[in-house]
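Asker: In my numbering, the protein residues as written are 8 to 726. We treat Cβ as the ideally placed atom computed from N, Cα and C, and that holds for glycine. Given the structure is predicted, the values throughout are model-derived calculations rather than measurements.
#1: Just curious, the alpha helix (DSSP H) that residue 390 is in, first and last residue?
#2: When you compare the CB positions of residue 589 and residue 567, do they come within less than 9 Å of one another, or not?
#3: Could you spell out where the beta strand (DSSP E) holding residue 321 opens and where it closes?
#4: Would you kindly report the start and end of the unbroken beta strand (DSSP E) that includes residue 493?
#5: Whole-angstrom Cβ separation of residue 109 and residue 123, contact assumed at under 8 Å?
#6: Give the list of continuous alpha helix (DSSP H) stretches no shorter than 4 residues that lie fully inside the stretch 266 to 295.
#7: Taking 6 Å as the limit between beta carbons, can you name the residues of its chain near residue 706, skipping five residues before and five after?
#8: Mind checking whether residue 196 and residue 242 have CB atoms under 9 Å apart?
#9: Please report the straight-line C-alpha distance between residue 68 and residue 423, rounded to a whole angstrom.
#10: Look at the alpha carbon of residue 165 and the alpha carbon of residue 209, and state the distance between them as a whole number of angstroms.
#11: Does the pairing of the stretch 658 to 670 with the stretch 508 to 515 give three or more beta-carbon distances under 8 Å?
#12: Ordered along the chain, which non-local residues of its own chain (more than five positions away) have a Cβ less than 6 Å from that of residue 730?
#13: What did DSSP end up calling residue 570 once you bin it into helix, strand or coil?
#14: Please state whether the Cβ-Cβ distance between residue 107 and residue 81 is less than 9 Å.
#15: Buried or exposed for residue 256, please, with buried defined as at least 16 other CB atoms from any protein chain shown within 10 angstroms of its CB.
#16: Among the candidates 543, 222 and 205, whose CA atom is the shortest distance from the CA of residue 213?
#17: To which residues of the same chain is residue 31 closer than 6 Å at the C-beta, ignoring the five residues directly before and after it?
#18: What are the start and end residues of the beta strand (DSSP E) that includes residue 112?
#19: Work out the CA separation of residue 407 and residue 418 for me, nearest whole Å.
#20: Taking the runs of the beta strand (DSSP E) that are 3 residues or longer, which of them lie wholly in the stretch 140 to 191?
#21: Run through DSSP, which three-state label would residue 476 get?
#22: Mapping DSSP to helix, strand and coil, what is residue 198?
#23: So residue 200 and residue 340 are in contact, right, with Cβ under 8 Å, and what is the actual spacing, rounded?
#24: Under 9 Å between the Cβ atoms of residue 318 and residue 297?
#25: Would you identify the three-state DSSP class for residue 241, choosing helix, strand or coil?
#26: Could you check if residue 28 is buried or exposed, using at least 16 other CB atoms within 10 Å of its CB as the buried criterion?
#27: For residue 48 and residue 10, what's the separation of their Cα atoms in angstroms?
#28: Within the same chain, show all residues whose beta-carbon is closer than 6 Å to that of residue 716, passing over the 5 residues directly before and after it, in chain order.
#29: So what's residue 576 in DSSP terms, helix, strand or just coil?
#30: Can you look up residue 58 in the DSSP assignment and give me helix, strand or coil?
#31: Quick check on the DSSP output: the alpha helix (DSSP H) that includes residue 254 runs from which residue to which?
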C-alpha cells in the first residue's frame with residue numbers, strides 16, 4: 008500500500024531519494040506522557056491516538072494536515088467559530104474540527120489480506136470543503152492544525168480498526184505468532200524463530216545436508232556450539248543483508264544480543280548466490296535456482312515448489328558465539344514483518360475487563376510496575392513510570408482494544424468513576440462539574456455520526472499511529488486503485504491479469520524502495536505500453552518478421568538463435584520482453600524447467616549454423632541466415648547441444664512467468680544498485696544494450712525521454 012504521515016512538506020521533498028521513512032526517522036512529533044501520548048495519557052486514562060505537534064515550513068508556517076492514504080470521507084465536522092462554551096472547558100479552548108477517513112486497501116494476496124481501517128484527525132483549526140462519501144487521495148489537504156487545551160499547532164491523530172480487520176492485519180487472532188508465518192502477505196524484514204539446541208558449525212555445510220555432515224568446500228564442518236535458549240534472527244535486506252540475533256528478556260520483551268556485519272550488495276547478488284548454491288549439487292535433481300532464491304530471500308519457498316533437499320545455511324552471531332546455522336532446520340520457523348511477531352517488538356493488549364476509560368489492564372500495569380523498579384507502587388508511581396524510556400519504547404508498538412473516547416453514548420459508564428473517590432483523583436467531580444465535563448465530551452464526540460460500517464464503539468483496536476505508518480510503509484503491495492495511479496493507461500483486464508503477480512515480483516526481487524519501484528515501473532511502462540504489450544509486435548508472418556533475429560551476427564552476439572524460425576519462436580515476450588533462445592534458456596533453467604546439464608552454454612559460437620568458415624567478418628557474414636539442411640542441422644544439434652525449449656509461449660501465456668521474467672532480468676543483471684543511484688542512463692543502457700553517455704546519445708527508438716518522464720512521474724506517485 009501507499010501511506011505517509013499526516014504532515015508532509017510537499018515543497019521540500021527529501022534531498023536524498025534513498026531516504027526510506029519505513030527505516031529512517033520522519034516528522035511525526037508525538038507529545039509525551041500526560042500530554043496526549045498513546046495509549047494512556049493523563050492519569051492513566053486510555054487514549055486512542057496521539058497528539059501531534061505540527062512541523063513548520065521554511066517560512067515558519069504550520070504544515071497542513073493531509074490524508075495518510077487513499078480512502079473515503081465518512082465524517083466531517085467544520086470547526087466551531089462561535090466560541091461554544093463546551094469547547095472552553097476549564098477555561099481553555101479546544102478546537103473541534105474533525106475528519107474521519109475509511110481506508111479499504113490490501114497488504115497481500117487474497118480475501119484475508121483485504122483490510123479496512125480508519126484514520127481520525129481531530130482538533131483542526133479549519134477544515135477543507137470535504138464531502139462525506141467522496142474519495143480522497145493520499146496527501147490531499149484536510150485542514151490546519153488547531154488548539155488542544157490552549158496548546159496551538161496540534162492535532163489528535165488516531166488509527167483504529169475492528170476485531171475482524173485486526174485478524175486480517177495480523178493474519179491471526181491477536182497474540183503470539185503461530186507455528187508458521189503467513190504467506191498471503193510478506194513484507195519488510197524476515198524473521199526466524201530458532202529453538203534451543205540448534206547446532207552452530209565452524210564452516211558452511213553443503214546445502215543438501217541438514218546436519219552439517221558435509222562441507223560446501225574445504226574442511227568438514229565441526230559443531231562448535233548449541234543455542235542455549237530460543238532465539239529470533241532478523242534478516243534485513245537493505246543495500247546488503249544483515250543478520251541480527253534477539254533473545255527474550257526477563258520481562259518478556261526481546262532485545263538485540265548479537266549481530267553480524269552486513270553482507271554488502273547481497274540484494275544485487277541474490278541470483279549469483281542462488282546459482283552458485285545450485286551448482287554445488289552433483290547428484291540428482293537440484294532445487295531450481297528460483298526456489299533457492301526464494302529461500303534466501305524469504306526463508307522459505309513462497310511462489311515456487313519447496314524442495315526438502317535445500318537447507319538454508321547462514322552465519323550468525325549468538326550468545327554462544329558465531330557459527331553457521333540451518334535456518335530451515337528442525338523447529339525453525341520463518342516469518343516476516345507482516346506477521347507482527349513479538350520479537351520485532353509487537354504486543355497486543357485486550358485484558359482490561361472494565362467498561363471505564365481508566366486503564367485497568369493487568370498487562371500494562373505490570374509493565375509500569377517493572378519500569379518503576381519497585382516491588383509495589385501506587386497510582387502516582389504508575390503515572391511516574393510512564394517517563395521510563397524503555398517503557399515508552401515498548402509502548403510504541405503496543406496495539407490495544409478499548410472503547411473509543413469519541414462516542415456520545417454510555418458516558419456515565421465510561422467516566423462515572425470521576426464522581427467517586429479514587430487514587431487517580433485529588434477529589435471527585437461534583438454533579439455540576441461532571442455535567443460540564445459531560446458537555447465537553449459530547450461537543451467533541453462524533454462516533455455515532457460516522458457514515459456506513461464502522462467499528463462498534465466498544466470494539467476498537469487502537470494502533471500506535473507513528474509505528475503503524477512506519478510499519479505499513481514497508482508493504483509495497485499495491486491495491487487496484489493504487490496501481491491505476493502508477494499505470495493510469497492500463498486496461499482493467501490487464502490490471503486484473505497482472506497486478507497480483509507484479510506485486511509478488513516486487514517483494515521477491517527487493518523492488519521495495521521508491522527509487523527502485525520508480526525505475527522498474529518507469530522502464531517497464533515504455534517496454535510494455537503500461538501492460539498493453541506482453542509480446543513483441545509484428546506485421547505479417549510471425550517467422551518472416553523476426554527472421555532478422557536469426558542472422559549470423561548472433562555468432563558474436565548473445566541472443567543464441569541458430570535455427571530457422573528461432574527468431575519467431577524466441578521473440579520478445581513478457582513484461583521485460585525476454586528475447587532470444589539464450590535468454591529463454593537462462594530463465595527456463597532458473598525456474599527448473601530445463602536442466603543446465605542438457606545443453607552447452609555457448610552453442611551459438613559455431614559458424615556452421617550459418618554455413619560460413621571463420622574468421623567472422625561482419626560485412627561479409629552478419630546477414631547470413633541459418634542453414635536449412637535438415638541432416639546437417641540435426642548433426643549440429645547433436646554435437647553442439649543447444650537448449651531445447653518446446654514451449655517458449657509460456658513466457659507470455661502464463662501470467663506469473665510473464666511478470667517474473669522482468670524481476671529475473673533485474674536480478675541476473677544486478678540492477679538494484681543502479682536504481683539506488685537514480686541513474687536512468689546506465690539503467691537504460693543495461694536494459695536495451697545501448698552505450699549512451701548522455702541522454703542525447705540514445706537512438707530515437709530507445710524512447711529515453713519517455714522512460715525518464717515515466718520514472719519521474721511514478722516517483723511522485725510513490726513519494
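Answerer: The structure says:
#1: Taking the chain shown and counting its residues from 1, the one referred to as residue 390 is at position 383. Start and end: 386 to 392.
#2: Here residue 589 refers to the residue found at position 582 of the chain shown. Here residue 567 refers to the residue found at position 560 of the chain shown. Yes; because the gap between Cβ atoms is below 9 Å, this pair is in contact.
#3: As a first step, residue 321 must be located in the chain shown, where it is residue number 314. Residues 320 to 325.
#4: Position 486 of the chain shown, counted from the start, is the residue given in the question as residue 493. Looking at the DSSP string, residue 493 is not in any beta strand (DSSP E); the run it does join, the alpha helix (DSSP H), is 487 to 493.
#5: Taking the first residue of the chain shown as 1, we reach residue 109 at position 102. Taking the first residue of the chain shown as 1, we reach residue 123 at position 116. Indeed, because the Cβ distance is near 7 Å, the residues count as touching under 8 Å.
#6: Runs found: 277 to 285.
#7: Here residue 706 is taken as the residue at index 699 of the chain shown, counted from 1. If we look at residue 706 and ignore the five residues flanking it on each side, it has no Cβ neighbours.
#8: For the purposes of this step, residue 196 is taken as the residue at position 189 of the chain shown. For the purposes of this step, residue 242 is taken as the residue at position 235 of the chain shown. Result yes, Cβ atoms of residue 196 and residue 242 sit closer than 9 Å.
#9: Residue numbering aside, residue 68 sits at position 61 when the chain shown is read from its first letter. Residue numbering aside, residue 423 sits at position 416 when the chain shown is read from its first letter. CA-CA distance, residue 68 to residue 423, rounds to 41 Å.
#10: Start at 1 with the first residue of the chain shown, and residue 165 comes out as number 158. Start at 1 with the first residue of the chain shown, and residue 209 comes out as number 202. Approximately 50 Å, taken between the alpha carbons.
#11: Three or more beta-carbon pairs drawn from the stretch 658 to 670 and the stretch 508 to 515 are found closer than 8 Å, and the two stretches are therefore classed as touching.
#12: Look at the range of the chain in this structure, 8 to 726, and you will see that residue 730 is not part of it.
#13: Residue 570 sits at position 563 when you count from the first residue of the chain shown. In the structure shown, residue 570 sits in coil (DSSP, three-state: anything other than H, G, I, E or B).
#14: Within the chain shown, the letter at position 100 stands for residue 107. Within the chain shown, the letter at position 74 stands for residue 81. Cβ distance < 9 Å, so residue 107 and residue 81 count as in contact.
#15: Position 249 of the chain shown, counted from the first residue, corresponds to residue 256. With fewer than 16 other Cβ atoms within 10 Å, it is exposed.
#16: By one-based count along the chain shown, residue 213 stands at place 206. Checking every option, the nearest Cα to that of residue 213 belongs to 222.
#17: In the chain shown, counting from the first residue as 1, residue 31 sits at position 24. For residue 31, the predicted model reports a pLDDT of 47, less than 50, meaning its position is unreliable and no value from the coordinates is stated.
#18: As a first step, residue 112 must be located in the chain shown, where it is residue number 105. Run containing residue 112: 104 to 113, per the beta strand (DSSP E) assignment.
#19: Along the chain shown, one-based indexing puts residue 418 at 411. Along the chain shown, one-based indexing puts residue 407 at 400. The straight-line gap from Cα to Cα measures roughly 20 Å.
#20: Within the stretch 140 to 191, the beta strand (DSSP E) runs of at least 3 residues that lie entirely inside it are, in chain order, 148 to 155 and 158 to 168.
#21: For the purposes of this step, residue 476 is taken as residue 469 along the chain shown, with counting starting at 1. Annotated three-state conformation of residue 476 is helix, per DSSP.
#22: Walking along the chain shown from the start, residue 198 turns up at place 191. Here residue 198 sits in strand by DSSP.
#23: As a position in the chain shown, residue 200 is number 193, starting the count at 1. As a position in the chain shown, residue 340 is number 333, starting the count at 1. Residue 200 to residue 340, Cβ: 5 Å. Contact.
#24: Residue mapping note: residue 318 aligns to position 311 of the chain shown, counting from 1. Residue mapping note: residue 297 aligns to position 290 of the chain shown, counting from 1. No.
#25: By 1-based counting over the chain shown, the position of residue 241 is 234. If DSSP states are grouped into helix, strand and coil, residue 241 belongs with the strands.
#26: Along the chain shown, one-based indexing puts residue 28 at 21. At residue 28 the pLDDT is 48, less than 50, meaning the model places this residue with poor confidence; the figure from the coordinates comes in the next sentence. The C-beta of residue 28 has 16 or more other C-beta atoms within 10 Å across all chains shown, which makes the residue buried.
#27: Indexing the chain shown from 1 puts residue 48 at position 41. Indexing the chain shown from 1 puts residue 10 at position 3. As the crow flies, the alpha-carbon of residue 48 is around 26 Å from that of residue 10.
#28: The residue given as residue 716 occupies position 709 in the chain shown. Same-chain partners within the cutoff: there are none.
#29: On the chain shown, residue 576 is found 569 positions in, with the first residue counted as 1. Correct three-state label for residue 576: helix.
#30: Numbered from 1 along the chain shown, position 51 holds the residue referred to as residue 58. Strand.
#31: As a working note, residue 254 is residue 247 in the chain shown. Bounds of any alpha helix (DSSP H) do not take in residue 254; it lies within the beta strand (DSSP E) bounded by 247 to 255.
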